[in-house]
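Asker:
Protein chains: 2
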Amino acid sequence: MQSQLKRGTLELCVLSILCRGDRYGYELVNIISSCMHITEGTIYPLMKRLKDAGSIDSYIVESQEGPPRKYYRITDDGRVIQKEQETEWRSFSVAINKLLDGEEKQ
Amino acid sequence: MQSQLKRGTLELCVLSILCRGDRYGYELVNIISSCMHITEGTIYPLMKRLKDAGSIDSYIVESQEGPPRKYYRITDDGRVIQKEQETEWRSFSVAINKLLDGEEKQ
DNA sequence: CATAGTACCTTGCAAAACAATGTACTATGT
DNA sequence: ACATAGTACATTGTTTTGCAAGGTACTATG
């Protein structure tokens, strides 16, 4: 079930990481893996969606340690989206914690 | 997009509310609506899934103010699930906040 | 020359939120 | 008598997205 929790937050995670600097796909998998289970089958389709939406763009860099890397860079539009989603996440998690702690009106 | 954030957490919300007392479906929609957008099309299928899984059971109570109400009661198994999911949620939200704040290893 | 690690990508499946739609009861107003 | 609104249940079909499984290809190591 763990997997369902990630819905909607992975995009925010990726955008937030890219806000702090360019990364390539495989690197993103490793970074996020330190916090939660994730595989390439999740990241690459997500990067494609983000690129199609104009939130990120990309460029290729050759590597001596293996195949060429596709680096992703966040766009100005992407930064706006990231801010929106971060705000959404903060208020959402507050709302959930409220319901967990039983602060709804009777 | 808001909708995607709810994945996996609605179940926890419902179980947490039922931990504090029995509720009927329409009532749950109203309680949760005070925190986030939700409709009956989400709750009723969820209640069916929870019942099939043995996390809740239900009983009918006649009402003078409208049609009969189907009350849901959490089972012992459901309480175990609720605790597990609450723990999962807490550690998940910590992990997300870490990624947002850029505490991943470089 | 086999294996492991790096790095890319696609296909197909499954879970779950939700709009839309439908039924049926009670109460209120006209 | 009849329309409307509120309460309360339920189902169908669509959409999104996470992810296992599979594939390609490069470099380095034993």
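Residue numbers (the working numbering), protein chains in the order written: chain A, 1371 to 1476; chain B, 1371 to 1476.
Here a beta-carbon is modelled for each residue, glycine too, at the ideal position from N, C-alpha and C.
1. Excluding the 5 residues preceding and the 5 following V1431 (chain A) in the sequence, name in chain order all residues of the same chain whose CB lies nearer than 6 Å to its CB.
2. So, is the C-beta of R1390 (chain A) closer than 7 Å to a C-beta in chain B?
3. Given a cut-off of 7 Å, decide if C1389 (chain B) and L1469 (chain A) are closer than it, judged by their beta-carbon atoms.
4. So which residues of chain A does S1463 (chain B) contact, with C-beta pairs closer than 7 Å?
5. Curious, which full-length alpha helix (DSSP H) runs of at least 4 residues does the region 1380 to 1467 of chain B contain?
6. Apart from the five residues on each side of it in sequence, which residues of its chain come closer than 7 Å, Cβ to Cβ, to I1413 (chain B)?
7. Scan the region 1429 to 1462 of chain A for residues whose Cβ lies nearer than 8 Å to a Cβ of chain B and list them as they occur along the chain.
8. Does any CB atom of chain A fall closer than 7 Å to the CB of G1424 (chain B)?
9. If contact means a Cβ-Cβ distance below 9 Å, which residues of the region 1396 to 1409 of chain B contact chain A?
10. Taking the C-alpha atoms as reference points, what is the distance between D1447 (chain B) and S1425 (chain B)?
11. Can you find a heavy atom of the ligand PLP that lies under 6 Å from the Cβ of S1403 (chain A)?
12. Could you check the C-alpha separation between I1444 (chain B) and I1466 (chain A) for me, to the nearest Å?
13. Is the separation between the beta-carbon of R1377 (chain A) and that of Q1374 (chain B) shorter than 7 Å?
14. Taking the CB atoms as reference points, tell me whether L1380 (chain B) and Q1455 (chain B) lie closer together than 7 Å.
15. Given a cut-off of 7 Å, decide if Q1434 (chain A) and L1385 (chain A) are closer than it, judged by their beta-carbon atoms.
16. Quick check on R1460 (chain B): buried or exposed, where buried means 16 or more other Cβ atoms within 10 Å of its Cβ?
Answerer: Let me lay it out:
1. R1439 and Y1441
2. yes
3. no
4. S1463
5. 1395 to 1403 and 1410 to 1422
6. G1395, L1398 and V1399
7. Q1455, E1456, E1458, W1459 and F1462
8. no
9. I1401, I1402, S1404, C1405 and M1406
10. 6 Å
11. Within the structure as shown, the ligand PLP is missing, as the structure has no ligands at all.
12. 19 Å
13. yes
14. no
15. no
16. exposed
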